[in-house]
Amino acid sequence: MGGKKYRDLLLQCEQIDYELDVISRYDGSVVYTKDGDVFIPMPKNRAIDQLEKKKKNIVMEINNSNMGRI
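Position one of the sequence shown corresponds to residue 75 (the working numbering), numbered consecutively onward.
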């Protein structure tokens, strides 16, 4: 994996962390998530689950790469 791809994955993780933080502070039960150019309503818990799953996959990809190993 090249350095640019590795940095992009790290940035994606940071973005997901930010989104999780914003969603967790929100009091409502429904949030709007972006799907392409459209915002769709989604239950808050489902949105959190999807973001955590997405982050887990990115972290696994980083860990499986040469750049993620120390």
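Think of the CB as a built atom: it goes at the ideal place given N, C-alpha and C, for glycine as much as any other residue.
- Express the C-alpha separation of residue 133 and residue 79 in angstroms, rounding to a whole number. Position 5 of the sequence shown holds residue 79. Position 59 of the sequence shown holds residue 133. Cα-Cα distance, rounded: 13 Å.
- Beta carbon of residue 94 nearer than 8 Å to that of residue 125: Along the sequence shown, read from residue 1 onward, the residue named residue 94 stands at position 20. Along the sequence shown, read from residue 1 onward, the residue named residue 125 stands at position 51. Yes, these two residues count as a Cβ contact at 8 Å.
- Message: If I follow the unbroken alpha helix (DSSP H) through residue 95, where does it start and stop?
- Response: On the sequence shown, position 21 is the one that residue 95 refers to. Unbroken alpha helix (DSSP H) run through residue 95: 77-99.
- Message: Distance check for residue 110 and residue 82, CA to CA, integer angstroms please.
- Response: As a working note, residue 82 is residue 8 in the sequence shown. As a working note, residue 110 is residue 36 in the sequence shown. Their Cα atoms are separated by approximately 19 Å.
- Query: Which partner residues does residue 108 have in the DSSP bridge list?
  - Reply: Here residue 108 refers to the residue found at position 34 of the sequence shown. DSSP lists 113 as partners of residue 108.
- Quick one: residues in its chain with C-beta nearer than 7 Å to the C-beta of residue 90, no 5 flanking neighbours on either side, listed in chain order? Residue 90 sits at position 16 when you count from the first residue of the sequence shown. Cβ neighbours of residue 90 beyond the five flanking positions: 125, 128 and 129.
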